[in-house]
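Undergrad: Dropping the structure in here first, questions after.
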Amino acid sequence: MIIVVLILLGCTQKKVGPQSKLAPKYEWYGHEVIASAYNSVFWQTDSISPSVAAWGDTLKPGMKSIAVSRDLIKMGLRHNTMVKIDTFPDTFLVKDKMHWRWKNRIDLYMGKNIKKAREWGKKKLMICYAVPLDTIINTIE
């Protein structure tokens, strides 16, 4: 079941053809998480600057970004990691961290549209995230 989902998402590692000399740059991993949504409003953040994320990025409505729980950071979902989410055609970037109390969760950034975030609710879904391969090892032929 998970393999089928990963194939449908295109989250398997891209294969490089035999005539191509380009090595893949990322390894893609799948993981099931609980997803909710959040907004750039002061009462949902721990800051007087609700548009500034934990790594210092300024979030703007329309950005395809997510916040991740701290345990997912340890798994490889670090700042600016590319993430594919099974219900979206777009690729998101990790730009924010969630509170320590959350485990195995992501929050989708929905600008200032509180109604849209509430309608999204909370869902269990598959994500795929890209982990960069070691460029030194991959340049040796």
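Numbering of the sequence shown is given in our numbering, commencing with residue 6 and proceeding in unit increments.
We put the beta carbon where it would ideally sit given N, CA and C, even for glycine.
Note that the coordinates shown come from a computational prediction; the quantities given were computed from them, not determined experimentally.
Where does A40 fall in DSSP's three states?
TA: Along the sequence shown, one-based indexing puts residue 40 at 35. Three-state result, A40: strand.
Undergrad: Among residues of its own chain, excluding the 5 on either side of A122, which ones have a beta-carbon nearer than 6 Å to its beta-carbon?
TA: In the sequence shown, the residue the question calls residue 122 occupies position 117. So the list reads A42, N44, M115, once near-sequence residues are dropped.
Undergrad: Alpha carbon to alpha carbon, what distance is there between K30 and L138?
TA: Here residue 138 corresponds to residue number 133 of the sequence shown, with the count starting at 1. Here residue 30 corresponds to residue number 25 of the sequence shown, with the count starting at 1. About 6 Å.
Undergrad: Keeping to the same chain, check which residues put their C-beta closer than 6 Å to that of K128; ignore five residues upstream and five downstream.
TA: Numbered from its first residue, the sequence shown carries residue 128 at position 123. A40.
Undergrad: Quick check on L77: does DSSP put it in helix, strand or coil?
TA: The residue labelled residue 77 in the question sits at position 72 within the sequence shown. Here L77 sits in helix by DSSP.
Undergrad: Mind checking which residues open and close the beta strand (DSSP E) that includes K69?
TA: Stepping through the sequence shown from its first residue, residue 69 is reached at position 64. Looking at the DSSP string, K69 is not in any beta strand (DSSP E), and its letter there is neither H nor E.
Undergrad: In the DSSP assignment, what are the bridge partners of V57?
TA: Within the sequence shown, residue 57 is the residue found at index 52, counting from 1. Answer is T63, bridged to V57.
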